[in-house]
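To start, the structure under review is shown below, and the notes come after it.
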Amino acid sequence: MIMPISSPHLYKDGWLLRLGIAHSTFNYLSLAGQDIHGTSRELEASVGYLAYLGDRNNRLSVYLGGVYRDARLSPDDPFSQIEEKHKGIRVQGDLFLRPVTEIDFSIMGSRTANLGDKWLRLRAGYVFAERIVLGPELQYIRGTDYERRRVGLALENISLGRHAQLTISAGRERDRVSGTSGYAGASLVGWF
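So the sequence shown is numbered by my numbering: it starts at 71 and just counts up by one.
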């Protein structure tokens with residue numbers, strides 16, 4: 071959820087409050103050669119600044135905030151600290167560009183101190199119905215115990231009313247343990 075805090079409008083430059091929840095599952099090979107399955111729940115609260123670069127389709131935002139994560143491993147991995155680290159400071163940047171009416175580009179990335187996470191996502195797409203974007207995506211996700219590379223397709227900005235949008239993505243994922251597999255994700259964004 072994203073809320074403007076310095077202006078009553080999200081479509082103007084200004085300060086933002088972003089609140090998020092996430093759930094993920096992952097697998098990796100421990101140092102002892104054992105397959106480990108993990109689940110993680112995460113809460114995030116960040117303050118950021120949004121600047122429009124000409125019009126509403128070209129914008130840059132930067133966030134700084136806190137993250138709380140609860141991760142569980144099965145079976146227990148004595149070589150991992152993921153279950154012991156719960157708090158981190160996250161820096162994230164988002165850049166959205168639409169050089170022409172039909173083409174959209176975005177790059178997003180974050181780094182979470184203490185938790186050791188890095189995330190980068192690149193998307194390019196064709197714009198139809200004014201806001202909906204369909205196109206390829208590349209993602210790189212890395213933590214202390216895992217590393218994933220994803221190539222897929224994303225359908226962005228599906229309107230769910232005046233203040234909510236849905237994005238779905240799916241594709242192939244490669245990690246250092248499982249090799250190649252599939253992934254799918256959904257993101258719901260609301261603003262007030």
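From the three backbone atoms N, C-alpha and C, an ideal C-beta is built for every residue, glycine too.
Please report the straight-line C-alpha distance between residue i and residue j, rounded to a whole angstrom.
{"i": "Ala183", "j": "Arg142", "result": "19 Å"}
{"i": "Asp140", "j": "Gly158", "result": "12 Å"}
{"i": "Leu223", "j": "Gly205", "result": "6 Å"}
{"i": "Leu130", "j": "Pro169", "result": "14 Å"}
{"i": "Glu207", "j": "Arg246", "result": "20 Å"}
{"i": "Lys82", "j": "Ile173", "result": "22 Å"}
{"i": "Leu230", "j": "Gly103", "result": "45 Å"}
{"i": "Gly249", "j": "Arg219", "result": "10 Å"}
{"i": "Gly118", "j": "Gln162", "result": "9 Å"}
{"i": "Asp125", "j": "Ser180", "result": "25 Å"}
{"i": "Asp105", "j": "Pro145", "result": "8 Å"}
{"i": "Ile152", "j": "Gly213", "result": "9 Å"}
Across which residues does DSSP place residue i in a beta bridge pair?
{"i": "Tyr133", "result": "Gly118 and Gln162"}
{"i": "Lys157", "result": "Tyr138"}
{"i": "Asp146", "result": "For Asp146, which the question treats as bridged, DSSP gives no partner whatsoever."}
Among the options, which has the Cα closest to the Cα of residue i?
{"i": "Gly255", "options": "Glu200, Val221 and Leu185", "result": "Val221"}
{"i": "Glu226", "options": "Gly186, Glu200, Asp187 and Trp189", "result": "Glu200"}
{"i": "Leu86", "options": "Val259, Leu120 and Gly252", "result": "Leu120"}
{"i": "Arg193", "options": "Ser176, Leu80, Ser150 and Leu185", "result": "Ser176"}
{"i": "Glu154", "options": "Asp164, Leu167 and Gly186", "result": "Gly186"}
{"i": "Trp189", "options": "Tyr196, Met178, Gly195 and Phe198", "result": "Met178"}
Could you tell me whether the segment 84-92 touches the segment 106-125, where touching means 3 or more Cβ pairs closer than 8 Å?
yes
Quick one: complete beta strand (DSSP E) runs, 3+ long, within the segment 169-225?
173-183, 187-198 and 202-212
Should the segment 120-136 be called in touch with the segment 95-105, which here means at least 3 C-beta pairs below 8 Å?
No, they do not touch.
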